[in-house]
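J.: First the structure, then my questions, so here it is.
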Amino acid sequence: QLEGMVEFIGLLKVTLKKGTNLAVRDMMTSDPYVKLTLGQQVKKTNSNSWRVNGYFIADLFYQTVQSTVKKSNLNPVWNEELMLSVPHDYGSVKLQVFDYDTFSADDIMGEAGIDIQPLITSAMAFGDPEMFGDMQIGKWLKSHDNALIEDSIINISDGKVKQEVHIKLQNVESGELELEVEWLSLES
Numbered sequence: 430q431l432e433g434m435v436e437f438i439g440l441l442k443v444t445l446k447k448g449t450n451l452a453v454r455d456m457m458t459s460d461p462y463v464k465l466t467l468g469q470q471v472k473k474t475n476s477n478s479w480r481v482n483g484y485f486i487a488d489l490f491y492q493t494v495q496s497t498v499k500k501s502n503l504n505p506v507w508n509e510e511l512m513l514s515v516p517h518d519y520g521s522v523k524l525q526v527f528d529y530d531t532f533s534a535d536d537i538m539g540e541a542g543i544d545i546q547p548l549i550t551s552a553m554a555f556g557d558p559e560m561f562g563d564m565q566i567g568k569w570l571k572s573h574d575n576a577l578i579e580d581s582i583i584n585i586s587d588g589k590v591k592q593e594v595h596i597k598l599q600n601v602e603s604g605e606l607e608l609e610v611e612w613l614s615l616e617s
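Here it is in structure tokens:
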């Protein structure tokens with residue numbers, strides 16, 4: 430394996446549907462946008478070094494994608510697709526909502542982690558989803574350890590592996606997001 434190369438196993442297509450009852454960060458409203466970050470799972474071996482697949486590395490792979498800003502809207506509808514490349518040693522997707530500010534730093538409006546492991550494990554167990562009819566193939570269960578409002582069902586639908594995710598934003602006074610996550614495998 431080439432040093433510094435990141436091997437991808439698939440793509441995550443996240444359809445950001447809508448936000449509900451988002452936090453006020455300007456006078457009476459907010460200008461929200463969503464940022465998604467996906468990085469490589471790493472094992473910290475001591476205070477100064479990171480280890481991935483037995484190698485010490487200085488630069489960790491991560492990528493960030495961002496939605497459009499919805500001006501003056503606490504209940505925004507995005508219906509916007511965001512794509513993330515998924516590395517072999519993936520971690521959770523970090524979701525953050527910000528209030529866009531022109532003349533100062535953007536204010537945080539909540540965050541949540543999205544565990545993509547159940548989606549990817551279910552998808553890989555079934556292989557080519559086009560060979561199956563519509564059916565439930567997995568589930569990410571709501572628990573006190575995650576931000577899910579309800580269990581998140583993983584389905585094969587129209588030959589695609591998809592998951593509806595409804596989350597309550599964390600570390601903020603209010604706000605929920607609805608999104609759909611679709612797995613696109615790069616491995617045959």
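Offset between the sequence shown (1-based) and the numbering used here: plus 429.
Beta carbons are placed, not taken as given, at the ideal position from N, Cα and C, and that holds for glycine.
Where does Q525 land, buried or exposed, given buried means 16+ other C-beta within 10 angstroms?
T.: buried
J.: By Cβ distance, which residues of its chain are closer than 7 Å to E436, with the 5 residues on each side in sequence left out?
T.: P516 and H517
J.: Which residue's Cα is closest to the Cα of N450: D460, E579 and Y519?
T.: D460
J.: Can you say whether G439 is buried or exposed, counting buried as having 16 or more other CB atoms within 10 angstroms of its CB?
T.: Answer is buried; the Cβ neighbour count reaches 16.
J.: To the nearest angstrom, how far is it from the Cα of N584 to the Cα of V601?
T.: 31 Å
J.: Report yes if the C-beta of D580 is less than 7 Å from at least one heavy atom of the ligand SAH; otherwise report no.
T.: What this structure holds is no ligand at all, so the ligand SAH is not there to describe.
J.: Based on the DSSP output, what are the partners of M512 in its beta bridges?
T.: K442
J.: Please report how far the alpha carbon of S551 lies from the alpha carbon of R454, in whole angstroms.
T.: 39 Å
J.: Taking DSSP as the reference, what is the three-state secondary structure of M456?
T.: coil
J.: Indicate whether I578 and K591 have their beta-carbon atoms separated by less than 8 Å.
T.: no
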